[in-house]
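The block underneath contains the structure these notes are about, expressed in structure tokens.
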Amino acid sequence: MAAIISEKFRIFNAKQFLESLGEAEATNMYFFVGRSSKWDVYIELHNISGTFQVGESVSGGGWTATVAEVHANSLLCSNVLPTATTTPSWGTTITGGTSSATGVSSIYRYATEEIPPLPLDNQSEKQSVYNELIAAKRINSDAARLVIPRYNWNTQVNPKFDMYRPNYSATPAGGGSIGKQTALGNNGLTSAKFYVMNNTYEVFKCLYNGESPANPTGVNVVDEPKSNPTAGQGTFANGLFISENGNYIWKHLFTLPTGDVLAFLSTDFLPIAASGETSRVAVEGLAVDGAIHVAVVKDAGAGLPTSNTYYSKIIGDGTGGIVKFTTDGSGSITDSSIEAAGSGYTYGNVLLEQGNVFTDAAATAPVGTVNASSTGSIEAIISPEGGQGSNADAELFGKRVMTNIRLTYDEGQGDFPVDNDFRRIGIIQDPTTWGTTAKATSLTVRGTHVVKINNHTADYVVDEVISQANAGGTSKGTVVSWDSTDGILKYYQSPDVHTSGGKVHAFAADATVAIVGATSTASGTVDTATGTVGTPVVVTDISFVEGLSNPEIEPNSGDIVYIENRRQITRAPDQIEDIKLVIEF
1 MAAIISEKFR
11 IFNAKQFLES
21 LGEAEATNMY
31 FFVGRSSKWD
41 VYIELHNISG
51 TFQVGESVSG
61 GGWTATVAEV
71 HANSLLCSNV
81 LPTATTTPSW
91 GTTITGGTSS
101 ATGVSSIYRY
111 ATEEIPPLPL
121 DNQSEKQSVY
131 NELIAAKRIN
141 SDAARLVIPR
151 YNWNTQVNPK
161 FDMYRPNYSA
171 TPAGGGSIGK
181 QTALGNNGLT
191 SAKFYVMNNT
201 YEVFKCLYNG
211 ESPANPTGVN
221 VVDEPKSNPT
231 AGQGTFANGL
241 FISENGNYIW
251 KHLFTLPTGD
261 VLAFLSTDFL
271 PIAASGETSR
281 VAVEGLAVDG
291 AIHVAVVKDA
301 GAGLPTSNTY
311 YSKIIGDGTG
321 GIVKFTTDGS
331 GSITDSSIEA
341 AGSGYTYGNV
351 LLEQGNVFTD
361 AAATAPVGTV
371 NASSTGSIEA
381 IISPEGGQGS
391 NADAELFGKR
401 VMTNIRLTYD
411 EGQGDFPVDN
421 DFRRIGIIQD
431 PTTWGTTAKA
441 TSLTVRGTHV
451 VKINNHTADY
461 VVDEVISQAN
471 AGGTSKGTVV
481 SWDSTDGILK
491 YYQSPDVHTS
501 GGKVHAFAAD
511 ATVAIVGATS
521 TASGTVDTAT
531 GTVGTPVVVT
541 DISFVEGLSN
551 PEIEPNSGDI
561 VYIENRRQIT
571 RAPDQIEDIK
581 LVIEF
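Under my numbering, the first residue of the sequence shown is numbered 1, with each subsequent residue one higher.
Structure below.
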């Protein structure tokens, strides 16, 4: 069955994402950060015999590594040998070089601080993301734009551009049809270099690149397209820039406002001005559905009236289109342009024959005789639906969305801590608030558990494991943030590293059992006097009941629609992060 998912479908999905952020019944998208702990090689084991030791070498099936951490059903390792890509097969017996402990391998993921692991798209990964989630910030409609690959006006880097055409296509490998490529060898506009951002952030679309029988792939650029060109460097009128020698015609689509430049312009991408932006609205007002702005000489021919300027009507389903062309002494066409753009064309033909070649611009005075044997050929380039500039999103194939999230200091009154780093970012759709089915709506939400500590003997340190030896099992967690002034200890819990007797135990509101840091040896007890059931106490925007506080976001709620694992991103009290995510649909 022959089928295709069109680029229009991808554009539709990207626009739906944008629109969902501002609708009355909005889809609540949250940008999140997580994973404060460093990246290590993870190997899951079962049928474990003996006890592996930190620092020992473990091996099996040609794979060797050094143990960094030992957990109930897994090891975190480093220094994989003989190469980083060596992988133990599923079911390999892994043996400790010092301890002689053994275990059978199953899930394995290679990672280092320099090479983060590839994200996975499954339920287990979603749970891991939530377990390690630090905080999330809601994405509003003003924090997202459609974006496209960035092409600057730089004649060294971009000496030539593709021109707009409605009929580019690939030639199938199996034959059966012949496609048409762009001047730069692309199979369609979606991958073509047919627009440019000039040095004043004006974005122009290339309608003509000098293509002719002598230059079938066009010519190099000379004049920078501008809405206010310097004399001798082209002209601008009615939204069109025409280079001084006429070799390039550009359509102005929009001018990026300063806010968009600061928030969404990156090294690789440039934003499409939002619908309703002033310059874009003005351009859309100039668009004429079915107007024709370019006429390309396909064959110079011969036998036309010689050495003069002539005109020909564009014949099709539109009206008013007229082509202007000149001939040399042999009656061959030397160049062509549009005298009148007309309107309403979905197809158009330039018939250089008796009765359709005229001596006047209004095309009312036909020439006497036209040699019908070899009159040449001129192609009228049909505009996109709505006219050039009527829909920048579709015309530029805006199938990517960039979100720009700014994290300012300890945003959300400490929801985003500044005393630790993070290694994972992403987007969650419609998470719910803790213990409810109601969609989260706050600007920021905290993903960590919190305990209010009394009488600490030393400062806890980030990324250390803390524990509380309770009667039902030892509670464990990893420190995300520590505020010694208010005794606020934020932590996360994960079944990968925090089980005791096969279970992750919650920390207990018990003032008699200390919470101890494995690295710092700090010890403190839960301040059970801070808040009671039904009457919580708020400290630094955290609501406590008997010294404990749950995350503000319900674990595993909503849908994680984007995950990106990164190298360590360090935070500081006086630091602002400006994080740009690009999602391709």
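A virtual CB, placed ideally from N, CA and C, is assigned to each residue, including glycine.
Can you give the Cα-Cα distance for residue i and residue j, rounded to whole angstroms?
i    : j    : result
G320 : T182 : 29 Å
T403 : G386 : 28 Å
T375 : E584 : 47 Å
A65  : S467 : 28 Å
E546 : T530 : 5 Å
W90  : G188 : 44 Å
N199 : D335 : 30 Å
A518 : I115 : 27 Å
R446 : A136 : 7 Å
V104 : G185 : 52 Å
E244 : T230 : 10 Å
T525 : K15  : 51 Å
L81  : F12  : 47 Å
T512 : H71  : 27 Å
T217 : K180 : 12 Å
M29  : V561 : 9 Å
V582 : A192 : 19 Å
G368 : S337 : 22 Å
A506 : S100 : 33 Å
Y248 : L304 : 26 Å
D496 : T27  : 32 Å
Grouping DSSP H, G and I as helix and E and B as strand, with all else coil, what is residue i?
i    : result
A341 : strand
F194 : coil
V261 : helix
R10  : helix
D40  : coil
D223 : coil
F17  : helix
K399 : coil
K313 : strand
E113 : coil
Q493 : coil
G210 : coil
D559 : strand
D421 : strand
G185 : coil
A68  : strand
A392 : helix
T525 : strand
W434 : coil
V516 : strand
V357 : coil
E564 : strand
Which residues bound the alpha helix (DSSP H) around residue i?
i    : result
L286 : T278 to L286
A237 : Run containing A237: none in the alpha helix (DSSP H); it sits in the beta strand (DSSP E), T235 to A237.
Y201 : Taken as a continuous stretch (DSSP letters only), Y201 belongs to no alpha helix (DSSP H), as it is neither H nor E.
V129 : Q123 to N131
I414 : Note that residue 414 corresponds to Gly in the displayed sequence, not to Ile. G414 -> alpha helix (DSSP H) spans E411 to G414.
How far does the beta strand (DSSP E) with residue i in it reach, from first residue to last?
i    : result
V480 : G473 to D483
V157 : Premise fails: V157 is in no beta strand (DSSP E) and is neither H nor E.
G320 : T319 to T327
T93  : T93 to G96
V451 : H449 to N454
Per the DSSP calculation, residue i is bridged to which residue(s)?
i    : result
N167 : For N167, which the question treats as bridged, DSSP gives no partner whatsoever.
F269 : P149
E379 : V296
V538 : S543
N404 : K580
N140 : Answer by DSSP bridge pairing: none, since N140 is not bridged.
L240 : A237 and K251
L76  : Y42 and E69
S59  : T64 and T95
*Would you check if the region 52 to 69 and the region 125 to 137 touch, i.e. whether three or more CB-CB distances between them fall below 8 Å?*
no
*Give a yes or no on contact between the region 425 to 433 and the region 492 to 509, applying the rule of three or more CB pairs nearer than 8 Å.*
no
*Three or more beta-carbon pairs under 8 Å between the region 538 to 552 and the region 398 to 415, yes or no?*
yes
*Please confirm if the region 523 to 539 is in contact with the region 86 to 105, defined as three or more CB-CB distances below 8 Å between the two stretches.*
no
*When the Cβ atoms of the region 142 to 153 are set against those of the region 38 to 49, are three or more pairs found closer than 8 Å?*
no
*Would the region 474 to 481 and the region 11 to 25 be scored as touching if the rule is three or more Cβ pairs under 8 Å?*
no
_With three or more beta-carbon pairs closer than 8 Å as the criterion, would you say the region 147 to 158 touches the region 554 to 573?_
no
*Taking 8 Å as the threshold, find out whether the region 273 to 281 comes into contact with the region 338 to 356 through three or more Cβ pairs.*
no
*Between the region 239 to 255 and the region 201 to 212, do at least 3 Cβ pairs fall closer than 8 Å?*
yes
*Three or more C-beta pairs closer than 8 Å, one from the region 361 to 371 and one from the region 385 to 399: is that the case here?*
no
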